[in-house]
Structure formats: C-alpha cells, structure tokens
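Everything in the sequence shown is counted per my numbering, starting at 1 for the first residue and increasing by one.
Ideal Cβ placement from N, Cα and C applies to all residues, glycine included.
No experiment lies behind these values; they were computed from the predicted model shown.
Below: one structure, written as structure tokens.
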Amino acid sequence: MEDLRTLNKLKSPKRPVSPSSPEHLPATPAESQAQRFEARIEDGKLYYDKRWYHKSQAIYLESKDNQKLSCVISSVGANEIWVRKTSDSTKMRIYLGQLHRGLFVIRRRSAA
C-alpha cells in the first residue's frame with residue numbers, strides 16, 4: 001500500500017499555478033491601465049478623451065510610432081470612424097478598440 005502511494009505521488013502532475021501568481025500577472029499593470037482612453041460613439045458623434053468630435057471636424061491623428069497626421073473626420077459609424085488625410089486625401093478607418101488601446105490618439109486642430 002505504501003508503495004502505491006509513492007508511485008501515485010511520482011506520477012501525479014504538478015499542481016497548476018494559480019492565476020494570482022506573478023507569472024500570470026501582466027508585467028506592468030499600472031502602465032497598461034494608464035494607457036487606456038475613454039472612447040464611445042453616441043448620436044453620430046465620437047466622445048474621446050473628455051471631448052466630443054463630429055463629422056467634418058479637423059483633427060490630428062497621432063499613431064503609436066509618433067506619426068502625426070492632419071485629418072478630417074469623414075464619418076462616424078457604430079464602432080469606427082473614417083478619417084481623410086489632408087495630405088493625400090486617402091481615407092483610413094479607425095476602430096474604437098484602437099482608440100481604447102492607445103494605438104491612435106486624436107487631438108483637436110483648428111479649422112484654419
């Protein structure tokens with residue numbers, strides 16, 4: 001009987017690591033929370049970073065790789081916005097998730 005217990009102990013898999021252990025936590029939880037931006041769409045307008053944006057509004061679109069594009073909001077959909085770059089008139093689709101994660105940052109720009 002004792003031999004059987006010893007064999008079972010050797011055969012049993014190691015205990016799974018608990019989800020709260022340091023191996024399962026993100027490397028920098030404070031940093032990931034600080035990068036979150038509030039973004040939502042209501043009544044055809046975009047609420048982003050405590051400001052409202054609407055169609056045909058001039059903005060700066062900053063990407064994560066420090067590119068700053070001058071754009072105009074073409075349309076506001078259910079979960080995305082379309083912007084037209086003023087440099088070459090091409091359109092880009094920006095999803096709300098990209099704004100939440102900070103892949104793109106929107107800044108106000110004067111219409112002049």
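Which value, in whole angstroms, describes the spacing of the CA atoms of residue i and residue j?
i	j	result
residue 109	residue 39	18 angstroms
residue 65	residue 52	25 angstroms
residue 37	residue 9	50 angstroms
residue 95	residue 5	57 angstroms
residue 98	residue 80	9 angstroms
residue 90	residue 48	23 angstroms
residue 32	residue 46	With a pLDDT of only 47 at residue 32, under the threshold of 50, the placement of this residue in the model should not be trusted, and no figure is reported.
residue 63	residue 41	20 angstroms
residue 84	residue 93	9 angstroms
Within 10 angstroms of its Cβ, does residue i collect 16 or more other Cβ (buried), or is it exposed?
i	result
residue 60	exposed
residue 7	exposed
Of the residues the options, which one's Cα is nearest the Cα of residue i?
i	options	result
residue 88	75, 78, 69	69
residue 77	104, 3, 43, 67	43
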